[in-house]
Amino acid sequence: MLLTLALLSLVLLLAYRFYYNTYTYWARMGVPHERPLPVIGNTKGIGSKYHLRDISQWIYDKFKGQAPIAGMFLFFKRTAVVTDLDLIKLKTLRKHPIISQLLRETNESYKVPNTEIIIEKGTSLLIPVHSIHYDPDLYPQPELFDPSRFEADKSNSRHPFAYLPFGDGPRNCIGLRFGKMQAKISIVSLLQRFKFGASDPTEIPLVLDTRSPTLAVKHGIHLKVERIDLEFY
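If you read the sequence shown in UniProt numbering, its first letter stands for residue 1, the second for the next number, and so on.
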């Protein structure tokens with residue numbers, strides 16, 4: 001009986017030390033962070049009520065301007081949400097990026113310039129692409145579809161990492177140019193032959209699938225398609 005109690009006490013002590021050392025990491029590093037819950041960290045509701053994009057968006061909005069990174073936990077994994085665009089260049093479709101966040105892992109420790117913050121080797125970095133693309137400081141009225149945002153003078157006035165549908169740096173998407181060309185050809189081919197519009201089942205706004213790792217619509221996209229009769233003279 002005493003041996004059982006001793007073993008149980010030891011297990012509880014080790015579990016406490018593990019949880020304490022894990023979930024006080026960002027506090028010890030002096031990094032602003034969201035308070036985690038045991039075991040699940042900051043993932044409460046992901047897959048049922050929320051998408052990871054929603055959690056990273058909330059943390060990005062809450063801590064933007066306070067520090068270049070904000071801390072969170074994906075279960076037991078310490079993860080830094082990048083809130084300073086200048087950090088993106090050191091690590092590494094505006095409205096609907098397929099990948100709503102980029103995950104990287106540091107292969108060496110790094111001291112953030114002009115701060116006392118050290119991002120230790122093995123720390124996950126979450127770059128909240130969707131949050132950056134919807135930041136009103138970068139894109140006023142971010143919900144508005146406005147192609148003029150990407151006119152040369154406006155694009156040049158923004159931070160070079162304010163637009164990351166394909167990532168950036170040496171590990172960006174290798175299919176970037178092919179993907180852009182394929183999309184252009186597909187759109188031109190379709191619009192030459194068909195007209196597209198909303199139909200009765202079309203959901204506005206779209207409801208996102210919280211279980212999808214990419215940005216996907218829960219009930220699909222329903223459109224009305226009409227063939228265009230081409231006449232050649």
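Even for Gly, the Cβ is constructed at its ideal location relative to N, Cα and C. Predicted model, so just to flag it, every value in this text is computed and none were measured.
- Judged by DSSP secondary structure, residue 80 falls within the beta strand (DSSP E) whose first and last residues are 77-82.
- Rounded to whole angstroms, the Cβ separation of residue 215 and residue 100 is 5 Å, and the two are in contact under 8 Å.
- DSSP, read as helix, strand or coil, puts residue 181 in helix.
- The secondary-structure analysis by DSSP pairs residue 72 across a beta bridge with 79.
- With a cut-off of 8 Å on Cβ pairs, the region 105-125 is not in contact with the region 156-175, counting fewer than three such pairs.
- The DSSP-derived three-state label of residue 124 is strand.
- An exposed status is given to residue 109, since fewer than 16 other beta-carbon atoms sit within 10 Å of its beta-carbon.
- Uninterrupted beta strand (DSSP E) stretches at least 3 residues long and entirely within the region 123-202 occur at 124-127 and 194-198, given in chain order.
- For residue 206, the three-state secondary structure derived from DSSP is coil.
- For residue 36, same chain residues with a beta-carbon under 7 Å away, outside a window of 5 residues either side, are 23, 42 and 73 in chain order.
- Under the DSSP assignment, residue 225 falls in the beta strand (DSSP E) whose first and last residues are 223-227.
- A distance below 9 Å separates the beta carbons of residue 142 and residue 133.
- Taking a C-beta distance under 9 Å as the contact criterion, residue 102 and residue 13 do not qualify as a contact pair.
- Looking at the DSSP output, residue 50 shares a beta bridge with 46.
- Within the DSSP bridge table, the entry for residue 111 names 118 as partners.
- Taking a C-beta distance under 9 Å as the contact criterion, residue 18 and residue 40 do not qualify as a contact pair.
- Under the three-state reduction of DSSP, residue 104 is assigned to strand.
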